[in-house]
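Using the numbering used here, the first residue of the sequence shown is number 11, and each one after it goes up by one.
Note that beta-carbon positions come from the ideal geometry of N, C-alpha and C, so glycine has one too.
Only a predicted model underlies this, so the values are computations on that prediction, with no experimental measurement involved.
Read through the structure below, which is laid out as C-alpha cells, and then see the notes.
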Amino acid sequence: MTSVHSSNSSQSHGQGEKSRCQLEIGQNVYVMAQTWKQELLIHIRKFDSDKGKTFPTKRGIALTLKHWVELSMCTSQIDETIAALKERKEEKLFHHLGANMYVSVDKNIAGVDIRQWWWCVDTVKPSRKGIFLSLQQWSKLKDCFEMMSDFVPELKSIVPCAMQDDHQNQMGFLQCSFCNPNECHQW
Ligand SMILES: [Zn+2]
Numbered sequence: 011m012t013s014v015h016s017s018n019s020s021q022s023h024g025q026g027e028k029s030r031c032q033l034e035i036g037q038n039v040y041v042m043a044q045t046w047k048q049e050l051l052i053h054i055r056k057f058d059s060d061k062g063k064t065f066p067t068k069r070g071i072a073l074t075l076k077h078w079v080e081l082s083m084c085t086s087q088i089d090e091t092i093a094a095l096k097e098r099k100e101e102k103l104f105h106h107l108g109a110n111m112y113v114s115v116d117k118n119i120a121g122v123d124i125r126q127w128w129w130c131v132d133t134v135k136p137s138r139k140g141i142f143l144s145l146q147q148w149s150k151l152k153d154c155f156e157m158m159s160d161f162v163p164e165l166k167s168i169v170p171c172a173m174q175d176d177h178q179n180q181m182g183f184l185q186c187s188f189c190n191p192n193e194c195h196q197w
C-alpha cells in the first residue's frame, strides 16, 4: 500500500506552493500536487536527502492535470505490454500522452518511462525531463491514480481530448496542439 502523508505534514519546497499530498511510490520517489506559476501540476519526483533534510531533485516530471488523466487512462495498455514482455513476446509501447510527453515500455528495460520529448527536424527525441519507474513503483503509481482525485478534485472536470466534442472528427485531432503538437499548424 502506498504510504500517504497528509498535506499538513508535507513541507513546502522552494518557492512553490505547499504540496497538497506527498505519496511515496518507493525509492524516494514521491507523487505531489503543487501549484507553480498558477498552474496546478502533479509531480512524480525523486527526492534526495542530505544532513537529515529531504529535498526534491531535478529527476522527475511535472504533469499537467490533462497529462495525468491521459496517463491514468492507459494503465491497462501499459500493463498488457509488461505482461507480454514477461512472456518474452516482442512488444513495446510508445504512447503519446499529449504535447510531446510520452510513456514508453520496451524490452530493454523492466519499467515504465514517462518523459517529455522534443521535436527535432522530423522526429521526436527524448529530453532529460522525465522519470523511469521500476515495475514496483509503477504499481504504486497506479494506486495514486485512484487516490489523487481526493487531493485534486479539479481532476474530475478534466475532459480527455478524445472525449471532447471538437475531437469527434479527425480534423479536430489534427488541429489540436496537445494531440498533434508538431504539425497542428499545418492544418
Ligand atoms: Zn487534442
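Contact check, V113 vs C84, beta carbons under 8 angstroms: Judged by their CB atoms, V113 and C84 are nearer to each other than the 8 angstroms cut-off.
Three-way DSSP call (helix, strand, coil) for S29 in this model: In the structure shown, S29 sits in coil (DSSP, three-state: anything other than H, G, I, E or B).
Closest residue to C186 among V131, N110, L143, M158 (Cα-Cα distance): Comparing Cα positions, the closest option is N110.
Paired residues, beta bridge with E34 - DSSP: According to DSSP, which records beta bridges pairwise, E34 is partnered with Y40.
C84 Cβ short of 7 angstroms to ligand 1 heavy atom set: No, ligand 1 has no heavy atom inside 7 angstroms of this Cβ.
Check: F183 C-beta below 7 angstroms from any heavy atom of ligand 1: The answer is yes for F183.
Validate contact between the stretch 134 to 142 and the stretch 150 to 161 using beta carbons, cut 8 angstroms, 3 pairs: Three or more Cβ pairs closer than 8 angstroms define a contact, and the stretch 134 to 142 falls short of that threshold against the stretch 150 to 161.
Cβ contact (3+ pairs, closer than 8 angstroms) linking the stretch 162 to 177 and the stretch 63 to 75: Judged by pairs of C-beta atoms under 8 angstroms, the stretch 162 to 177 touches the stretch 63 to 75, as three or more such pairs exist.
H53: CB within 7 angstroms of a non-hydrogen atom of ligand 1: Relative to ligand 1, the beta carbon of H53 is positioned no closer than 7 angstroms to any heavy atom.
Beta-ladder partner(s) of S59, from DSSP: The beta-bridge partner set that DSSP reports for S59 consists of T64.
Between the CA atoms of T91 and E100 - distance to the nearest angstrom: Between E100 and T91, the C-alpha separation is close to 9 angstroms.
Under the three-state DSSP convention, the category D116 falls into: Three-state result, D116: coil.
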